[in-house]
Structures are given as structure tokens and as C-alpha cells.
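Protein chains in written order, with the working numbering: chain C, 1 to 260; chain A, 1001 to 1260; chain L, 2001 to 2317; chain X, 3001 to 3317.
Cβ coordinates follow ideal geometry from the N, Cα and C atoms, glycine included.
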Amino acid sequence: MAVEVSYNTAELVCVSSARLLEDGKVVFAGAGLPLLAAILAQRTHAKSLTILFEGGVIGPFVEPGKLPPSTNEQRCAAHANMVLSTTDVLLLQQRGYVDYGFLGGAQIDRYGNINSSFIGDWDNPKVRLPGTGGGNDIASLVKVIVAMHHEKRRLVEKVDFVTSPGYLTGGRSRQQSGLIAGGMLKVVTHLAILGFDEEKGVMCLEGLQRGATVEEVRQNTGFELLVKKELYEAAPPTAEELKILHTLDPEQRYTSPKGD
Amino acid sequence: MAVEVSYNTAELVCVSSARLLEDGKVVFAGAGLPLLAAILAQRTHAKSLTILFEGGVIGPFVEPGKLPPSTNEQRCAAHANMVLSTTDVLLLQQRGYVDYGFLGGAQIDRYGNINSSFIGDWDNPKVRLPGTGGGNDIASLVKVIVAMHHEKRRLVEKVDFVTSPGYLTGGRSRQQSGLIAGGMLKVVTHLAILGFDEEKGVMCLEGLQRGATVEEVRQNTGFELLVKKELYEAAPPTAEELKILHTLDPEQRYTSPKGD
Amino acid sequence: MVSSYLELRAKIEQKDKGLKEKVKSLGEAAALIPDNSHVAVGGCHYSRTPMAIIWEMIRQGKKGLTISKSITATEGDLLLVAGATRHIVTSWFSAGVTWGVSRIMRHYVQSGEARYEEWSHMSLGLRYRAGAMGVPFLPSRSMLGSDVFKRLKDIKEMPCPFTGEKLALIPALNPDVAIIHVQKADPYGNAQIRGLPFMDKDIALAADTVILSAEQIIDNSDIRKAPDQTAIPFFCVDAVVEAPYGCLPHECYGIYEPDFHHMDTYVKLMMERGVDGVKEYLDRYFYGPNTFDDYLDQFSVKDILKATLQAKKSHGG
Amino acid sequence: MVSSYLELRAKIEQKDKGLKEKVKSLGEAAALIPDNSHVAVGGCHYSRTPMAIIWEMIRQGKKGLTISKSITATEGDLLLVAGATRHIVTSWFSAGVTWGVSRIMRHYVQSGEARYEEWSHMSLGLRYRAGAMGVPFLPSRSMLGSDVFKRLKDIKEMPCPFTGEKLALIPALNPDVAIIHVQKADPYGNAQIRGLPFMDKDIALAADTVILSAEQIIDNSDIRKAPDQTAIPFFCVDAVVEAPYGCLPHECYGIYEPDFHHMDTYVKLMMERGVDGVKEYLDRYFYGPNTFDDYLDQFSVKDILKATLQAKKSHGG
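Rendered as C-alpha cells:
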């Protein structure tokens, strides 16, 4: 066993979600924490994991300390295996060449629907957020991992606006809407790893981060949470994982303690 | 006036059809005589005529004596302005970037429908021909010039098979089928230049090659031909035009006396 | 609104498609953009933004434009504050993840002064692609079931006639004008794009009028040496403007990275002082200088050199 | 038949998409092609034909294949006479305009022994493209009203839900296997194509299994030097075979023109002696040699040199 190490919640989320990415698979990663986690996975257990960027990049070569702040800029393209048009890289998901989409979430509800458009009313938004970007396409077309800080205001009963579809209103509603592939896979937070009940299409607690309790998770979740009968405890980040993270992002631009 | 010059029927068709191509326009040219005519036009009155090839070429640079026997081979691509995928070059027609399609015809009927698929019955063809290639797309999407030898067996009442659509069964039938753009513009033969009556959608004699008579045209046409009230006489090929033709195609591969 | 096919065809038919020189000044080129038209912007986020053309558009006082762009960055702020547009069609709008949410975008959209028409990134790409292909829509499996879909007017769904599967029908977008920055173009408009192509090829073919700015105008014989590198064919292009560093403070692949120092300064001003701050910025950088060179002259040479060297280093050039 | 989306997705999901070496011998690669499968052939007419793979397919005695190719040339004759296929999906079939109509194609099609499924060139391209995009069809304005349309079973028309205009719906084609020849590929399958790209990018993404032959296998670091030159991404590729002169007697852009002398000789034999002549040709060039190098050894060095020099001359290389 590794010795006890210290880490902040963002680092915990990053490491936990990186571990979900299997070798030999293809992941569509957004800028920020998702990208950092995907590179961490490549440098630990998933050497032949392929990363795609929305900007049109297949298999980028990311230099430590130079993580691109946008997945649409040239640093992403240099020394990649292939660059192609934005539309075409997004279409790879529709064709089935992407195993996971990896998103940060502003607000997610019990059905896994994500809101990154606005808080408040459709016609009179309180806060206008940047928008879907490729998020809607990713959530419509492939299996999705969401990494986020676990807070009541972020895990809500019903999002104000479904920007990126999860299981919509639960049950078969996602399939009935025409979204027959993909769907929410996991939500990774600093307290827990959550999956989705296949029949009901609702979020379900599967594992706890070390030290977290079911009660604590419930208190920080804005809806009645399903809990699996047998919960596992996730192993904490190792010194090795944290060391790689710090090499990749020495200024902690993407793992500042405040979350995603 | 130029002195009298000698030329064969294929040369006559080539020169006559070249003259129809206006400067500043874009022509989609098939291999053989159409390509030869398009280059002739560029070297005479239409310096900024742009040629497209089905193989995916925009603005090729064709060396005299090296006319490509296929518009899908590398000689077409070298020193062109752009090469792109076959599908994309054909789609330029659908978008409207092509002013003329230029085809050779195996068999054409009074409505301008072309058959290059087979002679005989659908299910029991007497002669299987090579097929449509891009012909159907050209005829579906842009205005078409057809260059051919004038023979009764080639200008027929009804083609056995509509490979490339003209005005189908006449009247508004082309538009009704969904083909709302393009359509047959001219048929150039060694005897005549034929247009199409706009209302009826049927072929119509407009001009005569020097020395040809209406009677001769009728005798060599397999259907009752409309004849415009005022016919013009086309000027014969000039020495200059023929000289260019011979430079481009010194072995007369595409203007052998037997026609297209 | 999806255009009727015959109208689309008529517009292209009127264009002079000959291989002719189209080199124009920034002023002449931007004058081709009518007020109240739909302008599609090439590049994405802060990459290959046609900033020089936008600079001139704002100076010419364009009004009533609809602006579409795959991802909108700081140029969107500038167009809003300058009053050039009140309608942005995009999938994401802000300077960047690390800079936070644009206060300008929030100001205009939350107040209802401007409309943010939100499409998914791929859907906007398919809209341009349908426009480029000359079809009224493309089928897609994205956006179904989401509120993004429900908020849009010009979008439909139907069961697939072959498989019965439910499909979204993404309507074609044929912008009145496309403005695109490229690394190299010849005087006729044959353009080469290096690095990320984004949606620019489709935008160029979808638009009725195309204005290119290029880091460098090269000879047609250089284009012909590598015809498989041509990204945009000359006959859809109406104007070519030579504009070195024409994306600054944004980046141009292989030539310069963003001027991050300038970007940080701009974002700080914008986030702290909102519309007033951006008005000051426009006065200093857009309305003040007499030429685009004078605009560039306001930048720090040191920062430009750094951005240039970084780009060369990244690409081994 | 248009495949169901979930079936398509399941096939791709099963693929190992890791960045792993896939270099195989011709024999191993061709063994990935099951009898009775649909094989899409890259290149067009006599350009970039994957002749080496076809050579091996014929030697392995493949049966019941459906072959699709944008334009079919002499390789179509060979596949018919060898008994590998009785169903060709294409838009045009013959050696070339100057060589006349293939007697082999006529023999098999006129007798009813083989089926020539005729699509327009663009429509076949749209079929692959729809397959590559993961949609069941693409709308089009071509083929409507023609007998080509009427003869096809898997095609539909409908009024556009946006404009009311009548549209053809071109069904997706997702071939079981794609065989494609490229100038360069790395061991993982990242492929560079020079010159005319034809439909190859779409074919590679549309197919469930992709076999590449390459004039040269290059290092992945060479691919990464110019990622904007990669035409086919590694994760859709299942096998990479190094096959210099792998298109002969057809051509490979920038490297060799066709061996016109060989082509003339073949066509003369085929046109004069029909099936029997082609059987002799297959005996000599396909069944006789032990390796593809031995196949090439039957060609005249002088003719190969000429084809190579011509290509270099044309491209200034």
C-alpha cells in the first residue's frame, strides 16, 4: 500500500474518473479537468487510450505544463495523429468510434441531464452560461462520464434546462426520444462514484470516496438518491497519480481546490 | 474570312460545342471529346472557363498531347487548382457552382434523355454499356451540352433506358419528378445544333452545320423533329481552331472521324 | 429559415466564377457585407478568427447582422458592444474555460437585448454542411429529446423511412456572407488551411459571398504545386485580403499562438468593467487606429514575438 | 439494405481501437475478408486500385462477394472471371473510354450470371458518406425521375419537410470490409493519401473492417509531423500491408502512372478472347506467382520504369 498522501477534492475527482477509462478505448475529452484526467489515464493504466478533441484532433500529443485551455486551439493539433474538421470529429461519435464522452457538469439532475445553458427561466434567464458546445452531441451519442464537485446546488432534482441529455425523464424516455445509443455512465464527485439504474434511468450511488459516508452524500445531493445494496470504497489517489497530475498541471489551473 | 479548311465530323462537333462554352463559367467535362472541346474553348474565346473533372479536380492543367483518357487519373490532378473527393466535386453541381455539364451521348431521345446503360430490355439487355458514371448526376443537376454523331440509331424516339434525365416525358415532367434545376441545353452534332422547346421539353432544330440541310437532319433523326422558324448556319471550324485541336490531340484519339 | 433551392441556385449563378484576381483592401472587402445580413465567421473559439475583417466591419458601423460561429470568443463581445449584431448563432460563447463566462454575453442575453440562438456544435456544423451540399437538411441523431432542440424553431424530427429510427433533421444554413482567415491564398481565392480546419470548408461553400483574409497571398503556381492542399476553391471567393497577423490577439496555426498577455488584459477589463470597459477597448483598438497595421502597432512587440516563437516551436517550423 | 443503428454500433464497439501495430502479410490481411461479404474497393477507375489485396483475394478463392467501387476497371473483370463475385455495385464499368466496353462485364451481365447494380457516381459516394456519418440516408437532388432510380430497390423519395421540394433519399452503405491502397501509412493505420482522394475517406469510416495496403509504411512520428495530412484515422484500420507497386498495372498518384503497355496487352487479350483470355491472364499473373513480388516480376522493368518516371515528371517530384 502507498503511504497516505494529501490531495484536494479536484485532484480526487480527476484521479477517480481517470481510473474509469479503459485501455484501448477512445475518449472524447473536454478542456480542463476531463482532459487532465484522460492524460493521467494514458500515463497510468491505459497506455493506448485515444483522446479526441472537439476542435478536430485525434490522438493529441500534450506536453506537460502546456495543457491547452481550449480544445480548439493549435497546441492540441501539433504532433497529433490526425486533425480533421470539427463536424467530422463530432460525427465519429455518431458512427460509434468513441467509447466515452467526458464532461464537466455545471448542474446535473437525477436522470443525468446536464444544464450548461442557463439558470432560471427559458425566456428570462438569471444567469446565461456559455452553452452546450459539443456537450449535447457527446451526451446524445456516446456513454458519458461526468466529473464534478458534489454540491446540492449542482446535483438537483430537475435541471432548469436540458442542455445535454441524460435519461430525460427516466424509464425508456431517452430511447423513445430517438437517443438509442449512449447515455450517462458515471458521475464522479469528490464524495462518491454514481451510476445509473438501467430500468429507471436514475442516478444511483455505487461507491464512496474514502472517508465519505452515505449520509454525507445524501446531504449534498439535491434529490432522493438511490443507493446500491453493496457499496464499494474507492481507493484514494496514489502518490504516483498525484505526481503525474502535478507534472501535467504544475500551476494547478485545472485542479484548484474549488472543483471543476 | 478564313480560307476553306478540311475537317472531319468529330472535329466539327468538337469545335461547335466548344463555342457554346462562355468565358467565366464552370464546365463539368467528361473524358474524350467533351474535355477536348472544353480545353479548345479555354484556348480560344473562354480564357477563364473553369473545367471540373468527375475524379475530383478543379481547374486542371492539361498538357497538349497528354489528354487523360480518364478523368479519374493522376494526370488530371497534377498542377490543378484543387483536388477534392469525388463525392464533393459532384456535390459542387448540386450547390450550383457548375454552369454546364458536357457529355457524349450513346443514345438520346426527343426529350433529351440519354441512355448509356443498355440497349434492349431491362431484364434481358442485348448490349450492356458501361453505365452512368457521373452522367446521371450532371444531367440531374446542371444544364447539359451533349456532343454526338448525328445518326438515326442515336437520336431516337424513346431511349430504352433513361440513364441521364433530360425532360423525361416532356412538358413539366422533369420538374415534377423533383429535378427543378438544370436540364438539356444543346445537342451538337455534325449536322446541326439542337436546342429544346421550353414548354414542350422536346428537341428542336436551331442551327445547321455548313452544308447540312433540314431534310438531311430529319433523315438522320429517329423522331419527328421540331424546327425553329429561323435557322442559323453555324460557321465552320477555323484553321486556328483546328490547329489547336491537333496540338491538343495529335494522334486524333478523340476526334477520329467515326464520331464521339 | 431554409432557403428555396431555386433562390440559392440563382445567387450562385450570378457570381463571376472565372479565375480572376480578387485582391481587395480590407475596406473594399468589408463593404461587400450588407447590413442585416447573416455573416458566418470561420475559425473556432480563439483560433483563426478573421479579426482583421471584423475590425473593419465594426469600423464601418455594420448594423443588424446575424453572426454565426461554431464557438464564439472575444470577437463576439466586440460585435455586441459595437452594435453590429443582436443575434448570435453559436454553440458556446466565452473567452475560454479558464477565463470564466463572458460578462458581455451575459449582459446582452440576460437583458433580452440580444438573442443567443444555441445549437449543438455538431448541429451547427451539419447546418453549414447541408448548405455546402445544396440540400435543405441533413439527418442526425443528436439533440433529440433535449431542451436545446425544443428551443429551436427551424428544426424537425421524423422517423427514418428506411429503419423507422427517429432522426433529427438539421436545416441547411446558407449564410449571406462568410468571413474566413487562412494561412495562404492566391489572388484568385484558392486557399490553403493548415492545422485545424474547423468548419471553414463547409462555410465557404455554403455562403453566397465569401471574403478571405490571408496571412500571405501566394502565387497561383504555388497553389498548383500541391492542389491536394487547397481547402477552398477560388470560384466561391469574392475577395482576398492580405492580412498578416490578421487574427491577433487570437491565433493562427503554425504562425502565431494567441497573445495571451493581451487576452488576459482584455478579459480583465471586460469582466471588471463590462460594456464600458469593452467600449474603451474598442475606442483604443478599433476606432482609434487608422489602419489595421496601426491596430497591430498597439500590441507589444515582445508579446507578438513570443506568440510567434511559441507557434514555431510547437510545430517544429 | 440499410443496417439498424444498434447493429452498426455494436460492430464498432467490438473493435480494438487502441494505437497498436497492425502490420500484416497480404495473406493474413486478405484472410480478414469472409466469403459472401460486401467489399468496398478504394480508388477509382484505374487509380489507386488495391490490386495487391485483390490479387491475394482471388488466390484465396473468395466466393460470393458483393463488390462496390465508384468506377470499376479491369479489376472488375478479374474478380468476375475468378468467380469471387457475381454482384457489382458501381456507376461505370470498363477499362477506359479509349479501350471500349469490357467484354467480360458484358458477358456476365448480359447472360444474367452477374448483377450490375448501377448507381450514379455521386449517389454511391453519398451512400458511403451516409455510412461514414452514422446516418441511415442522405438527401439528394440527383437520380430523380431516371430509370437508374426506378431500377434500385433500396432508395426512396420524399417531399422535404422544410421546403416541400422532392428529394431522393440515398441509403447508407456500410460495407463489411473496405480495401484501400494509399501512398503512406504508419503501422497503426494512420494513412496519408496524395492526389485524388476519391471516396476513400468515407469508405474507411463506413466499413466495419478496413484493410490498407501502402506503398510505404512510415513511422508514427512522421505522421505526427503533419497531422493535417492524415486521411484515415488508425482506429478504423484492422490491417496494414506494405505493398510497393501494389496498384500495378494501375497507377498510384505521384509514384507511378499506369503500365499502359500492360493495360493495352490485357485489354487486347480480354476483348479478343473474352473469359478464356482472362483465365489465361489469371493463370499467368495471379495463380502462377508465389508472392506479389513474383507477380510484379512478370512485368517489364522497362515499362515500370517508364510509368515511374512519367509520374515523377508530371508531379515535379
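Short Cβ contact (7 Å threshold) for residue 950 of chain A with residue 1102 of chain A: Limits of chain A in this structure are 1001 at one end and 1260 at the other, which puts residue 950 of chain A out of reach.
Alpha helix (DSSP H) runs contained entirely in the stretch 2178 to 2261 of chain L, provided each spans 4 or more residues: List check, alpha helix (DSSP H) in window: 2200 to 2206, 2220 to 2225.
Residue 2096 of chain L and residue 69 of chain C - do their beta-carbons sit closer together than 7 Å? The answer is yes: Cβ separation under 7 Å.
Using the beta-carbon count (16 or more within 10 Å), is residue 3075 of chain X buried or exposed? Buried is the call here.
Determine, for residue 1161 of chain A, whether the minimum Cβ-Cβ distance to residues of chain X falls below 7 Å. With 7 Å as the cut-off, residue 1161 of chain A counts as an interface residue toward chain X.
Just to make sure I have the definition right: I need the residues of chain A whose C-beta is within less than 8 Å of the C-beta of residue 2013 of chain L. Which are they? Here the neighbours are 1096, 1099.
DSSP-derived helix/strand/coil call for residue 120 of chain C: Three-state result, residue 120 of chain C: strand.
Spatial neighbours of residue 242 of chain C within its chain, please: C-beta separation below 7 Å, excluding the five flanking residues on both sides. If we look at residue 242 of chain C and ignore the five residues flanking it on each side, its Cβ neighbours are 5, 7, 11.
Using a Cβ-Cβ cut-off of less than 8 Å, list which residues of the stretch 7 to 39 of chain C approach chain X; keep chain order. Closer than 8 Å at the C-beta level to chain X, one finds these residues of the stretch 7 to 39 of chain C: 23, 24, 25, 26.
Taking only the alpha-carbon atoms, compute the straight-line gap between residue 1255 of chain A and residue 1190 of chain A and give it to the nearest angstrom. Residue 1255 of chain A and residue 1190 of chain A: Cα-Cα distance of roughly 12 Å.
Report the three-state DSSP secondary structure of residue 1007 of chain A (helix, strand or coil). Note: residue 1007 of chain A maps to coil in three-state DSSP.
Report, in whole angstroms, the separation of the C-beta atoms of residue 266 of chain C and residue 67 of chain C, which I expect to be a contact under 8 Å. In the structure as shown, chain C begins at 1 and stops at 260. Residue 266 of chain C is therefore absent and cannot be evaluated.
Can you grab the Cα-Cα spacing for the pair residue 3129 of chain X / residue 3171 of chain X, in whole Å? Using only the alpha carbons, I get a separation of about 10 Å.
Pull up the distance between the alpha-carbon of residue 1175 of chain A and that of residue 1181 of chain A, whole angstroms please. In this model, residue 1175 of chain A and residue 1181 of chain A are separated by some 8 Å (Cα to Cα).
Measure the C-alpha to C-alpha separation of residue 3275 of chain X and residue 3058 of chain X and round it to an integer number of angstroms. One C-alpha to the other measures close to 15 Å.
Taking only beta-carbon positions, decide if residue 3182 of chain X is within less than 7 Å of chain L. Output row for residue 3182 of chain X: interface = no.
In the DSSP assignment, find the unbroken beta strand (DSSP E) run with residue 3164 of chain X in it and report its ends. Counting along the chain, residue 3164 of chain X falls outside any beta strand (DSSP E), and DSSP gives it neither H nor E.
Need the endpoints of the alpha helix (DSSP H) that residue 2090 of chain L sits in, please. Careful: residue 2090 of chain L lies outside any alpha helix (DSSP H), inside the beta strand (DSSP E) at 2085 to 2090.
For the stretch 178 to 198 of chain C, enumerate the residues whose C-beta is nearer than 8 Å to any C-beta of chain X, in chain order. Of all residues in the stretch 178 to 198 of chain C, 180, 181 have a Cβ within less than 8 Å of some Cβ in chain X.
Answer with yes or no whether the minimum CB distance from residue 3081 of chain X to chain A is below 7 Å. Residue contact with chain A for residue 3081 of chain X: absent (no Cβ-Cβ distance below 7 Å to any residue of chain A).
Would you please verify whether the beta carbon of residue 2133 of chain L is less than 7 Å from any beta carbon of chain A? Chain A contact via Cβ: present.
Helix, strand or coil for residue 225 of chain C? Go by DSSP, reduced to three states. Coil at residue 225 of chain C, not helix or strand.
Can you tell me where the alpha helix (DSSP H) with residue 34 of chain C in it begins and where it stops? Segment 33 to 43, the alpha helix (DSSP H) holding residue 34 of chain C.
Interface residues of chain X around residue 1048 of chain A at Cβ under 7 Å? Correct list: empty, because the minimum Cβ distance to chain X is about 24 Å.
Looking at the structure shown, is residue 180 of chain C part of a helix, part of a strand, or coil, going by DSSP? Here residue 180 of chain C sits in coil by DSSP.
Relative to the C-alpha of residue 3224 of chain X, which residue among X:3197, X:3198, X:3190 is closest? Per the C-alpha coordinates, the member of X:3197, X:3198, X:3190 positioned closest to residue 3224 of chain X is X:3190.
Exposed unless 16 or more other CB atoms sit within 10 angstroms - verdict on residue 19 of chain C: In summary, residue 19 of chain C is buried, with 16 or more beta-carbon neighbours lying within 10 Å of its beta-carbon over all protein chains present.
Exposed or buried, which one is residue 1001 of chain A when buried takes at least 16 other CB atoms within 10 Å? With a pLDDT of only 49 at residue 1001 of chain A, under 50, the local geometry of the prediction cannot be trusted, and the value read off the model is given with reservation. Classification for residue 1001 of chain A: exposed.
Give every residue of the same chain whose Cβ lies closer than 8 Å to the Cβ of residue 1253 of chain A, excluding the five residues on either side of it in the sequence, and list them in chain order. Within the same chain, residue 1253 of chain A has close Cβ partners 1067, 1069.
Closer than 9 Å at the beta carbon, the chain L residues around residue 1079 of chain A: At a beta-carbon threshold of 9 Å, the residues of chain L lying near residue 1079 of chain A are 2221, 2224, 2225, 2227, ordered along the chain.
Skipping 5 residues on each side, what residues in its chain have a beta carbon closer than 7 Å to that of residue 3135 of chain X? If we look at residue 3135 of chain X and ignore the five residues flanking it on each side, its Cβ neighbours are 3172.
Any contact of the stretch 3176 to 3184 of chain X with the stretch 3208 to 3223 of chain X, i.e. 3+ C-beta pairs under 8 Å? With a cut-off of 8 Å, the stretch 3208 to 3223 of chain X and the stretch 3176 to 3184 of chain X count as touching, because enough Cβ pairs lie within range.
Could you tell me which uninterrupted beta strand (DSSP E) segments, each at least 3 residues in length, are contained entirely in the stretch 3015 to 3047 of chain X, listed from first to last along the chain? Runs of the beta strand (DSSP E) inside the stretch 3015 to 3047 of chain X: 3038 to 3041.
Determine, using beta carbons only, whether residue 2044 of chain L comes closer than 7 Å to chain C. Yes, because at least one Cβ of chain C sits closer than 7 Å to the Cβ of residue 2044 of chain L.
Hey, how far is the Cα of residue 1085 of chain A from the Cα of residue 3121 of chain X? C-alpha separation (whole angstroms): 12 Å.
Check whether chain X comes within 7 Å of residue 52 of chain C, counting only Cβ atoms and requiring the distance to be less than that. Not closer than 7 Å to any Cβ of chain X, the Cβ of residue 52 of chain C fails to qualify, so no.
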